[in-house]
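Asker:
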Amino acid sequence: MISLLKEVGRGKRGARDLTYEEALEAAAAILDRTATPAQTGAFFIAERIKMESVEELEAFVVSCRKRAYRAPLQDGIDCAGPYDGRKSTFYATFASAFVLAASGLPVTLHGSASLPPKWGITLTDLLAELGIDAERLGRERPVQAAKETGVLFVPSETWCPPLKELRGIRQELGMRTVLNTAEKLVDYSHSPYLAFGVYHNTVFDRMARLLTKLNYRKSIIIQGAEGSEDLFIDRPTRTYIVENGEARLQVIDPETYGLDTPVPAVDWTPAEQVRVTEQVLRGEADLAFTNQVLLNAAVRLHLSERVDSAEEGFYTCKANIDSGAAWKLYERWREAMREEDKEEDKEEDKDRAGSMSAAKQAY
0 MISLLKEVGR
10 GKRGARDLTY
20 EEALEAAAAI
30 LDRTATPAQT
40 GAFFIAERIK
50 MESVEELEAF
60 VVSCRKRAYR
70 APLQDGIDCA
80 GPYDGRKSTF
90 YATFASAFVL
100 AASGLPVTLH
110 GSASLPPKWG
120 ITLTDLLAEL
130 GIDAERLGRE
140 RPVQAAKETG
150 VLFVPSETWC
160 PPLKELRGIR
170 QELGMRTVLN
180 TAEKLVDYSH
190 SPYLAFGVYH
200 NTVFDRMARL
210 LTKLNYRKSI
220 IIQGAEGSED
230 LFIDRPTRTY
240 IVENGEARLQ
250 VIDPETYGLD
260 TPVPAVDWTP
270 AEQVRVTEQV
280 LRGEADLAFT
290 NQVLLNAAVR
300 LHLSERVDSA
310 EEGFYTCKAN
320 IDSGAAWKLY
330 ERWREAMREE
340 DKEEDKEEDK
350 DRAGSMSAAK
360 QAY
């Protein structure tokens, strides 16, 4: 590890990119914790200063995948947003997942407790509001919920343990690292389609080359809200479509579809995120949030080749909100994700009842 650190840590002018094989070696040392915490932190900082190459990013993605539980559960789309969460925007992806699943497209979501640099609201915070403890999910319950509804949520630090083991170092550094990209591309369900969020348009080309190497059938890279995969509804969004080894710029303007809507100011909390999500799925939300979900769902439905155009996707998705299909699917998923907790509560009740009975007999 020391020799690799010398190559990436010579300063902005002297440092060089690692070869793919060297990067695999560094990734193995870090993910398997044979590198010391000091070496790991130094590597992350040096890469941050130098900027990770495509080969280095690929090596960390491949290494994370090898150490993760991955199952070919769904022929659908992976929605890969930032694990450091949201602070000022609506989580349109969460509501969109149920609209898409109701439209016949399976969806994979994944995340963890909040991370630097943003420390925002995460999907696990939303699950907590629903009474679902992401840390206790394991594998069986999310997989069963996905089989019943088409929506899979993966607690990433459970399915890819090295991410949990490295959390402390990442928190101490307080800045983004190579893992901020790699953890979004573990591809837990072997999805052929990908919606991937980025913050800066300067990384479009590099991410396009990376996604080509990772062999997705079709991907969309989105410079979305707070660096997420969510298209804006009040202004155009820059995206890259990656397909067959080629990438093309596509600016998606909500005005083109008659959906452009001013977004009301909201003091977002996990509870508020869930409340608006449920309003959207019931067809009762502010028009801006409903339109944002419809736009994102329609574009993803088209990307995944379920419809011939985004316009057709819009009408398909709107019908599944208006009919109540998306809401019913959400309710079924929510209950399926809580099932184990119910069983555990029953067992605890039995244990308490048994203890009380034994106490009475003793008395």
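Residue numbers for the sequence shown follow numbering that gives the first Met the number 0, so the first one is 0 and each next one is one higher. Here a beta-carbon is modelled for each residue, glycine too, at the ideal position from N, C-alpha and C. From a predicted model like this one, the values you see are computed outputs, not experimental measurements.
Please list the terminal residues of the continuous alpha helix (DSSP H) segment that includes F89.
Answerer: Counting from 1 along the sequence shown, the entry for residue 89 is found at position 90. Premise fails: F89 is in no alpha helix (DSSP H) and is neither H nor E.
Asker: So what's Y19 in DSSP terms, helix, strand or just coil?
Answerer: Against the sequence shown, residue 19 aligns to sequence position 20. Note: Y19 maps to helix in three-state DSSP.
Asker: Pick out whichever of K65, K163, I221, A144 has its Cα sitting closest to the Cα of S111.
Answerer: Here the question's residue 111 lines up with position 112 in the sequence shown. Answer by Cα proximity: K163.
Asker: Under the assumption that E182 contacts Y68 (Cβ atoms under 8 Å), give the Cβ distance between them as a whole number of angstroms.
Answerer: On the sequence shown, residue 182 is found 183 positions in, with the first residue counted as 1. On the sequence shown, residue 68 is found 69 positions in, with the first residue counted as 1. Their Cβ separation, rounded to whole angstroms, is 14 Å, which puts E182 and Y68 out of contact at 8 Å.
Asker: Which whole runs of the alpha helix (DSSP H) in the stretch 191-263 are 4 residues long or more, in chain order?
Answerer: Runs of the alpha helix (DSSP H) inside the stretch 191-263: 203-212.
Asker: How big is the Cα-Cα spacing for E245 and V53?
Answerer: Along the sequence shown, one-based indexing puts residue 245 at 246. Along the sequence shown, one-based indexing puts residue 53 at 54. Roughly 15 Å between the two C-alpha positions.
Asker: Quick one: which unbroken beta strand (DSSP E) runs of 3-plus residues sit fully inside the stretch 22-99? Chain order, please.
Answerer: The stretch 22-99 contains these whole beta strand (DSSP E) runs: 76-79.
Asker: If you draw a straight line from the alpha carbon of A287 to that of A224, how long is it in whole angstroms?
Answerer: Taking the first residue of the sequence shown as 1, we reach residue 287 at position 288. Taking the first residue of the sequence shown as 1, we reach residue 224 at position 225. Roughly 14 Å between the two C-alpha positions.
Asker: Give the C-beta separation of T121 and G84 to the nearest angstrom, bearing in mind that I take them to be a contact with Cβ-Cβ under 8 Å.
Answerer: Sequence index remark: in the sequence shown, residue 121 carries index 122 (1-based). Sequence index remark: in the sequence shown, residue 84 carries index 85 (1-based). With 8 Å as the limit, T121 and G84 qualify as a contact, their Cβ atoms being about 4 Å apart.
Asker: If F43 and A25 are in contact, beta carbons under 8 Å, what's the gap, nearest whole angstrom?
Answerer: Counted from its first residue, the sequence shown places residue 43 at position 44. Counted from its first residue, the sequence shown places residue 25 at position 26. Actually they do not touch by this definition, with Cβ atoms about 10 Å apart.
Asker: Thinking C-alpha only, which one of R9, I1, R12, S62 is nearest D31?
Answerer: Here residue 31 is taken as the residue at index 32 of the sequence shown, counted from 1. Out of R9, I1, R12, S62, S62 has the C-alpha closest to the C-alpha of D31.
Asker: Taking the DSSP output, what are the residues bridged to P154?
Answerer: What you label residue 154 is simply residue 155 of the sequence shown in a count that begins at 1. G110, per the DSSP bridge assignment.
Asker: Alpha carbon to alpha carbon, how far is R274 from R15? Give it in angstroms, no decimals.
Answerer: Mapped onto the sequence shown, residue 15 falls at position 16. Mapped onto the sequence shown, residue 274 falls at position 275. One C-alpha to the other measures close to 49 Å.
Asker: Rounded to the nearest angstrom, what separates R333 and Y215 at their Cα positions?
Answerer: Within the sequence shown, numbered from 1, the residue matching residue 333 stands at position 334. Within the sequence shown, numbered from 1, the residue matching residue 215 stands at position 216. If you take the alpha carbons of R333 and Y215, they lie about 29 Å apart.
Asker: If you measure between the beta carbons of A94 and V262, is that distance less than 8 Å?
Answerer: By 1-based counting over the sequence shown, the position of residue 94 is 95. By 1-based counting over the sequence shown, the position of residue 262 is 263. Not closer than 8 Å, so no.
Asker: In the structure shown, what three-state DSSP assignment does I120 receive?
Answerer: As a first step, residue 120 is located in the sequence shown; it is residue number 121 there, counting from the start. Strand, per DSSP.
Asker: When the Cα atoms are used, what is the spatial distance from R66 to C159?
Answerer: For the purposes of this step, residue 66 is taken as the residue at position 67 of the sequence shown. For the purposes of this step, residue 159 is taken as the residue at position 160 of the sequence shown. The alpha-carbon atoms of R66 and C159 are separated by roughly 6 Å.
Asker: Which same chain residues end up closer than 8 Å to A27 when comparing Cβ atoms and leaving out the 5 residues on each side of it in sequence?
Answerer: Residue 27 sits at position 28 when you count from the first residue of the sequence shown. Cβ within range, chain order: T33, S62.
Asker: Considering just the uninterrupted stretch of the alpha helix (DSSP H) at V273, what are its terminal residues?
Answerer: Stepping through the sequence shown from its first residue, residue 273 is reached at position 274. Element bounds for V273: 269-281.
Asker: For R12, name the three-state secondary structure that DSSP assigns.
Answerer: Within the sequence shown, residue 12 is the residue found at index 13, counting from 1. Three-state DSSP puts R12 in coil, outside helix and strand.
Asker: Return the Cβ separation of G196 and G80 in integer angstroms, given the expectation that the two are a contact with Cβ distance under 8 Å.
Answerer: As a working note, residue 196 is residue 197 in the sequence shown. As a working note, residue 80 is residue 81 in the sequence shown. 5 Å between Cβ atoms; contact.
Asker: Helix, strand or coil: how does DSSP classify M363 here?
Answerer: The structure shown does not extend to residue 363, since the chain spans only 0 to 362, so no value can be given for it.
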